[in-house]
Structure formats: C-alpha cells, structure tokens
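Undergrad:
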Amino acid sequence: MTITQYRSQWQGPELRAAARHLGRRRFLTLTAAAAALAFAVDLPAAGAAAAATLDAARIDVFPFTLGVASGDPLPDSVVLWTRLAPAPYQPDGGLPAQPVDVDWEMAQDESFAVPVAQGTATAHPEFHHTVHVEVQGLDAGRVYYYRFRAGAWLSPTGRTRTAPAAGAAAPALTFAAVSCQAYTDGYFTAHRHLSEDDVDLVFHLGDYIYEYAVDAAGGARKYTDRALPALFDHETGTLEDYRLRYALYRTDADLQAAHAMHPFVVTWDDHETENNYAGSIPENAVPPDQFLIRRAAAYRAYWENQPLRMPQLPVGPDAQLYRRLFWGRLAQFDVLDTRQYRSDQAYGDGKHIPGPESEDPARTMTGAAQEAWLLDGWKASTARWNVVPQQVCFAQRKMDLNTVAEVSMDAWDGYPASRRRVLDGAKAAGVENLMVLSGDVHVAYAFDIKDDFDDPASRTLGTEIVATSIASGQNGTERPSNWATYTTANPHLKFYDGRRGYVTVSLTDARARADFKTVPYVTTPGAPLSTAASFVTEAGAPGLRRV
Ligand SMILES: [Fe+2]
9 MTITQYRSQW QGPELRAAAR HLGRRRFLTL TAAAAALAFA VDLPAAGAAA AATLDAARID
69 VFPFTLGVAS GDPLPDSVVL WTRLAPAPYQ PDGGLPAQPV DVDWEMAQDE SFAVPVAQGT
129 ATAHPEFHHT VHVEVQGLDA GRVYYYRFRA GAWLSPTGRT RTAPAAGAAA PALTFAAVSC
189 QAYTDGYFTA HRHLSEDDVD LVFHLGDYIY EYAVDAAGGA RKYTDRALPA LFDHETGTLE
249 DYRLRYALYR TDADLQAAHA MHPFVVTWDD HETENNYAGS IPENAVPPDQ FLIRRAAAYR
309 AYWENQPLRM PQLPVGPDAQ LYRRLFWGRL AQFDVLDTRQ YRSDQAYGDG KHIPGPESED
369 PARTMTGAAQ EAWLLDGWKA STARWNVVPQ QVCFAQRKMD LNTVAEVSMD AWDGYPASRR
429 RVLDGAKAAG VENLMVLSGD VHVAYAFDIK DDFDDPASRT LGTEIVATSI ASGQNGTERP
489 SNWATYTTAN PHLKFYDGRR GYVTVSLTDA RARADFKTVP YVTTPGAPLS TAASFVTEAG
549 APGLRRV
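Heads up: take any position in the sequence shown, counting from 1, add 8, and you land on my numbering.
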C-alpha cells in the first residue's frame, strides 16, 4: 500500500460517514479514530506475517539525520530516542516499509571506554522508523553518554543523566524551560545557547512544531542556500503531514544540539495539533469526529518523535501525557496536559471580560481525572519544591486598566473555577513551595501567584515562571507596547520581557533562582545570549525578589 492510499483511507468518505453514525463520543474515540490510525500506519492485522527485517548494512546513506535525544529521567532509567531517515524530507524517510535493527550503547564517558549498557532495538516502519529505548538498571544521579549504530552508520553521541535516588537529598538542580519554536519565525539560536548551558534537565512546555504552512525559504529564515520541498507548504492534517513536520524541525542543527546535550521532559500545547483547540473541539467549524482523527494523527507523530515512554503512546486520539517525575527530595514535577481534557474556550475564545460563561464552575482546564491526580499527588508530596510544568498562563493577567479588565479566554483566566480548585488543593495539601512553569505567550513573565489576584495584600501561594519563545514572534522587543499597561494592571507581575530566549531555574533546599536568558534577534543566525533579569524566591516564604 502506498502513502497516497494510506491517506485516502485515513480521510476516506466512508470512514467519516461511519464516524458520524457512531454517536457517543467515547465509542468514537476508541473505535473510529483508532481504526483510522491503524489504517494510516498500516499496523499488521492479527496473524498477518510481518515484513522481513531490512539488513541495516544495505542502508547506504547516513540515516541519523535527525540526531538523538533522551528524556524522562528516573533514578534508574532514561529514554533514548532516534529515527532512521536517510531522506528525512521524503514521506518514507528513504527506507522501505521493513523493520530495521538498531544497536544502542551507553557509557560513563564520552569515548565509550566504560560501557554500562547495550542492546538492539527495532525501528518499526509502523512507527516511522523511530527508536525508543527505555534503558533500565542505571545508577541514580549520574551523567551518561549514548549512541546508536545501524549497519555501518554511527549516530552522534548524546549526553543524558538519571535523577537522584528517590527520597535522597539532592544538593541542587538547574533546569531550563523552553516553548514555542515556530520554524518559520526564525532560527533556533536559543537552543544552540541552551546546548552550551549548564543545566541538568530541559522542560519543553509546548508548541514544539506549528501546523501552518512552511514555504520554500523557511519563512523569516529566508534561506538562500536551499529550497524546502513543497510538501511542507500546507497546514498539517494527516499523519504523513505531522511526521514530515517533525522531520523538518529535527533537521535543525541547533535543536539537535540541545537534545543531544540534555534530557528533555516534553509536554504539548495546541500547535502540535491545531491552534487553540480544546479537547475534541477544533478551532474552526470542523465536526469533532473529523477533528479527533486529525488529533490522533498529531498525537501519534508527537509520540513517535519525542523521547517518551510507552505509557505515553496514544491510543487513537487519546494519550496519557500528564505524568509525575521526581528529583530526589528536592523537587516533584507534575507535568500537565491542559489541552486534551479542557472545556471549550468561553465567549468564543480570544480576550474577553470575565462573566457567567467563563466563570461557570463546571468548566475545567485539566479534566476531573487529571485534577484529582494533581491534588492527590500534592497531598502525598514530600518534595521541597512542587513544580508544575504546563502550557498557558496560570496567574491572572489583566490586559487593560479597567476595573473589570479583559483577560485571555485560552489561558487559566478563562477557567477561573478550575484555577481556584487547583489553588485550594495546593493550600489543603500544605504545598509551600509551588512553582508553575508556563509557555504559550511568546514573552517572558515572572508572577507571584496570589490567593486573590484582585487583592495585592492577599497571601502569595507560589511563583509562576513563564518561558518566552525560542522563535515564535520573530525578533521581539524588550518592552512591548502593552508593557506599562500590563505591569500596572497586574501588581503581581514582577517581570515582563518581549524578546526570544529561554529561562533557567536553579533549586536548592533554601531558594529558587530564575535567570531569564534572551537573544536580541532570531531572523538571522548567531545572536549572542544575555541574561535579562534574575529573581529569587525563598523556600517557605514565597514571593519573587529581583537580584
Ligand atoms: Fe506558541
């Protein structure tokens, strides 16, 4: 079966007609979209003979064109990732629809003189020849090096690390938070600097890809030394489209460098699927059944192309992306998914003053199951810092100086009852050192999280650190035109910078320190990095202080 035939089955009128008659959403979720996905990825039917393995010695072009990555470190385990793609901009990646054996090895040193683990994994055509290895039995709190081999080809070397032992005192942790890397808005220079920065871990908070068309010149990158193929020049909709988009992004050398040097913990926002979707409701007037088929394709391609474990593998249009990680006793990370289960945006999305529609207590940002999981996790937490890597702005963000100001209906401001339940849960659990990490808005913010955002004298419950974009928004400016309005309207907003970059956070038992790092331009390569501002918040006494 050819890719074109996959596509026609994937989007076939019979399938859409069948889906429309199914009625109940869960039934649709678990059957029609899953069946569509099975067609699309050509999963072998039960009892069918699998394709013969391709001898890797027959791969005559370098296949590690997308680099290597690692992620989700545990005290004894880490996920290693790569993909075989001799021709990454072709739908089949330049390989036949056959499995390929890929050897991997891990060592204590960069020269692989002290090996600690090795094995062989299969790059399945059903997973687009991606490789996910969950290495077990590693020592806690160590740096490791890894690489892959297919036939005569050796991959670049990656560096990763394991988390400290469960419950162990961990002296310090420095992590980075990044978000929003629209390829067409500029170069990933911030990733290049991040690759050289001394961090233990990177959180990617979403908008890893954008679904919009990419022209031959790569948009604002204005390539003159290459022309991107026309197959990128339309909005992603099919599994093939999404897979190709990850291939485009992962051929970026700066992004590859960041992945090779640091383990990533990733979560998605909207653009990995479609701008501002909410659960099963798309941005535009497309029936939810059709949108769920698109969501299944987007989620599948995301899993394939990220260093994620098997529990995160989607089933049709559903994926368990929210998950919990620990850094000894120092930090608990509750990684959220605020897209898959949320209620539709109130007042048709955009910005709007709060009202009965947005304030409906039945509305949810997390879904009931994820909310209960978060609050239960906090009750059980023994960590010094409870960090919540997630997507959209958590703190109140008034956008004008009116008493009742407009706020974003896509952020937590559009789901105030959901935010109230989360904050009440944090208080009830005795979470003292709450830190929320956010992305989405393409600017850097630092917020005090107030018990009542409308009362500056109310208790400060934690800190929100908003990572600016890697590229989205093009060059940006230090003080956007609404800077004075936002800082006046929101006294709990302690920092606002509109340039590209990333943020690092260093945790110790005593305090957290955030360093907002920025590059002055992205539409041409090679910008230098500088630190725009630094803040600390003391353990047990939340509240940001500029240093
Ligand atoms: Fe974004």
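No residue lacks a Cβ here, since even glycine has one placed at the ideal position from N, Cα and C. Owing to the predicted nature of the structure, the values given are computational and were not obtained by experimental measurement.
In whole angstroms, give me the CA-to-CA distance for Phe-299 and Glu-546.
TA: Numbered from 1 along the sequence shown, position 291 holds the residue referred to as residue 299. Numbered from 1 along the sequence shown, position 538 holds the residue referred to as residue 546. Computed Cα separation, rounded: 45 angstroms.
Undergrad: By the 10 Å Cβ neighbour count, where 16 or more other Cβ atoms means buried, how is Gly-438 classified, buried or exposed?
TA: Looking up residue 438 in the sequence shown gives position 430. It is exposed - the Cβ of Gly-438 has fewer than 16 other Cβ atoms within 10 Å.
Undergrad: Looking at Gly-75 and Pro-172, is the spacing between their C-beta atoms short of 7 angstroms?
TA: Counting from 1 along the sequence shown, the entry for residue 172 is found at position 164. Counting from 1 along the sequence shown, the entry for residue 75 is found at position 67. At a Cβ-Cβ threshold of 7 angstroms, Pro-172 and Gly-75 do not count as neighbours.
Undergrad: Expressed to the nearest angstrom, what Euclidean distance is found between the alpha-carbon atoms of Gly-214 and Asp-448?
TA: What you label residue 214 is simply residue 206 of the sequence shown in a count that begins at 1. What you label residue 448 is simply residue 440 of the sequence shown in a count that begins at 1. Their Cα atoms are separated by approximately 7 angstroms.
Undergrad: So, helix, strand or coil for Gln-298, using DSSP?
TA: On the sequence shown, position 290 is the one that residue 298 refers to. Three-state DSSP puts Gln-298 in a helix.
Undergrad: Would you say Ser-426 and Thr-372 are within 7 angstroms of each other, going by their C-beta atoms?
TA: On the sequence shown, position 418 is the one that residue 426 refers to. On the sequence shown, position 364 is the one that residue 372 refers to. Result yes, Cβ atoms of Ser-426 and Thr-372 sit closer than 7 angstroms.
Undergrad: Examine the Cβ distances between the segment 152–167 and the segment 61–81 and report whether three or more of them are shorter than 8 angstroms.
TA: The segment 152–167 vs the segment 61–81: in contact.
Undergrad: For Pro-104 and Pro-96, what's the separation of their Cα atoms in angstroms?
TA: What you label residue 104 is simply residue 96 of the sequence shown in a count that begins at 1. What you label residue 96 is simply residue 88 of the sequence shown in a count that begins at 1. The alpha-carbon atoms of Pro-104 and Pro-96 are separated by roughly 13 angstroms.
Undergrad: Should Glu-280 be labelled buried (16 or more other beta-carbon atoms within 10 Å of its own) or exposed?
TA: In the sequence shown, counting from the first residue as 1, residue 280 sits at position 272. That one is buried.
Undergrad: Determine whether the beta carbon atoms of Tyr-330 and Asp-345 lie at a separation below 7 angstroms.
TA: Translated into positions along the sequence shown, residue 330 becomes position 322. Translated into positions along the sequence shown, residue 345 becomes position 337. Against a cut-off of 7 angstroms, the Cβ pair of Asp-345 and Tyr-330 comes out as a contact.
Undergrad: Name the residue from Asn-498, Glu-472, Tyr-504, Ser-480 whose alpha carbon lies nearest to the alpha carbon of Arg-487.
TA: The count along the sequence shown starts at 1 and reaches residue 487 at position 479. That would be Tyr-504, whose Cα lies nearest to the Cα of Arg-487.
Undergrad: Using only Cβ atoms and a threshold of 5 angstroms, which residues come within that distance of a heavy atom of ligand 2? Order them by chain position.
TA: Among the ligands in the structure shown, ligand 2 does not appear; only ligand 1 can be found there.
Undergrad: How big is the Cα-Cα spacing for Glu-219 and Thr-495?
TA: Position 211 of the sequence shown, counting from 1, holds the residue named residue 219. Position 487 of the sequence shown, counting from 1, holds the residue named residue 495. So the two alpha carbons sit approximately 32 angstroms from each other.
Undergrad: Please return the same chain residues whose Cβ sits closer than 7 angstroms to the Cβ of Ala-309, not counting the five positions on each side in sequence.
TA: Here the question's residue 309 lines up with position 301 in the sequence shown. Leu-247, Tyr-250, Arg-251, Tyr-254.
Undergrad: First and last residue of the beta strand (DSSP E) that includes Glu-472?
TA: Sequence index remark: in the sequence shown, residue 472 carries index 464 (1-based). That run of the beta strand (DSSP E) goes 468–474.
Undergrad: Does the beta-carbon distance from Leu-537 to His-201 come in below 7 angstroms?
TA: Walking along the sequence shown from the start, residue 537 turns up at place 529. Walking along the sequence shown from the start, residue 201 turns up at place 193. A contact, by the Cβ cut-off of 7 angstroms.
Undergrad: If you run the structure through DSSP and keep just helix, strand and coil, what is Ser-78?
TA: Locating residue 78 in the sequence shown gives position 70, where the first residue counts as 1. Of the three classes helix, strand and coil, the one that applies to Ser-78 here is strand, per DSSP.
Undergrad: Alpha carbons only, please: which of Val-86, Leu-82, Arg-554, Ala-93 is nearest the one belonging to Ala-64?
TA: Here residue 64 corresponds to residue number 56 of the sequence shown, with the count starting at 1. Considering only alpha carbons, the answer is Ala-93.
Undergrad: Could you say which of Pro-319, Ala-454, Val-323 lies nearest to Val-511 if we only look at CA atoms?
TA: Within the sequence shown, residue 511 is the residue found at index 503, counting from 1. Comparing Cα positions, the closest option is Ala-454.
Undergrad: For Arg-229, is the classification buried or exposed, using 16 other Cβ atoms within 10 angstroms of its Cβ as the cut-off for buried?
TA: What you label residue 229 is simply residue 221 of the sequence shown in a count that begins at 1. Flag for Arg-229 reads buried.
Undergrad: Using a Cβ-Cβ cutoff of less than 7 angstroms, which residues in the same chain neighbour Gly-303 once the five nearest sequence positions on both sides are dropped?
TA: Taking the sequence shown and counting its residues from 1, the one referred to as residue 303 is at position 295. Residue identity differs from the one stated: residue 303 is Arg in this sequence, not Gly. Within the same chain, Arg-303 has close Cβ partners Thr-281, Pro-325.
Undergrad: With Gly-375 as the anchor, note down where its alpha helix (DSSP H) starts and where it stops.
TA: For the purposes of this step, residue 375 is taken as the residue at position 367 of the sequence shown. Per DSSP, Gly-375 belongs to no alpha helix (DSSP H) and is neither H nor E.
Undergrad: Report the residue from Val-274, Leu-409, Ala-327, Asn-313 whose alpha carbon sits nearest the alpha carbon of Asp-342.
TA: Here residue 342 refers to the residue found at position 334 of the sequence shown. Just measuring C-alpha positions, the residue of Val-274, Leu-409, Ala-327, Asn-313 sitting nearest Asp-342 is Val-274.
Undergrad: Going by beta-carbon coordinates alone, are Ile-457 and Ala-522 separated by less than 7 angstroms?
TA: Locating residue 457 in the sequence shown gives position 449, counting from the first residue. Locating residue 522 in the sequence shown gives position 514, counting from the first residue. Cβ distance not < 7 angstroms, so Ile-457 and Ala-522 don't count as in contact.
Undergrad: Short check: CB of Leu-256 to CB of Phe-240, under 7 angstroms?
TA: If you number the sequence shown from 1, residue 256 lands on position 248. If you number the sequence shown from 1, residue 240 lands on position 232. Yes. Within cutoff.
Undergrad: Quick check on Phe-156: does DSSP put it in helix, strand or coil?
TA: Your numbering for residue 156 matches position 148 in the sequence shown. Note: Phe-156 maps to strand in three-state DSSP.
Undergrad: Are Ser-514 and Thr-168 touching if we call contact CB-CB under 7 angstroms?
TA: Residue numbering aside, residue 514 sits at position 506 when the sequence shown is read from its first letter. Residue numbering aside, residue 168 sits at position 160 when the sequence shown is read from its first letter. Going by C-beta atoms, Ser-514 is not nearer than 7 angstroms to Thr-168.
Undergrad: By the DSSP assignment, the alpha helix (DSSP H) with Leu-263 in it spans what residues?
TA: Walking along the sequence shown from the start, residue 263 turns up at place 255. 261–269 is the span of the alpha helix (DSSP H), which, as asked, contains Leu-263.
Undergrad: When the distance is taken between beta carbons, is Gly-101 closer than 7 angstroms to His-137?
TA: Numbered from its first residue, the sequence shown carries residue 137 at position 129. Numbered from its first residue, the sequence shown carries residue 101 at position 93. Yes. Within cutoff.
Undergrad: Give, in chain order, every unbroken run of the beta strand (DSSP E) that is at least 3 residues long and sits entirely within the segment 304–371.
TA: Runs of the beta strand (DSSP E) inside the segment 304–371: 331–335, 339–343.
Undergrad: Give the straight-line distance between the Cα atoms of Arg-558 and Phe-334, rounded to the nearest whole angstrom.
TA: This structure cannot settle anything about residue 558, because the visible part of the chain is limited to 9 through 555.
Undergrad: Output yes or no for whether 7 angstroms exceeds the beta carbon distance between Val-139 and Ala-125.
TA: Locating residue 139 in the sequence shown gives position 131, counting from the first residue. Locating residue 125 in the sequence shown gives position 117, counting from the first residue. Not closer than 7 angstroms, so no.
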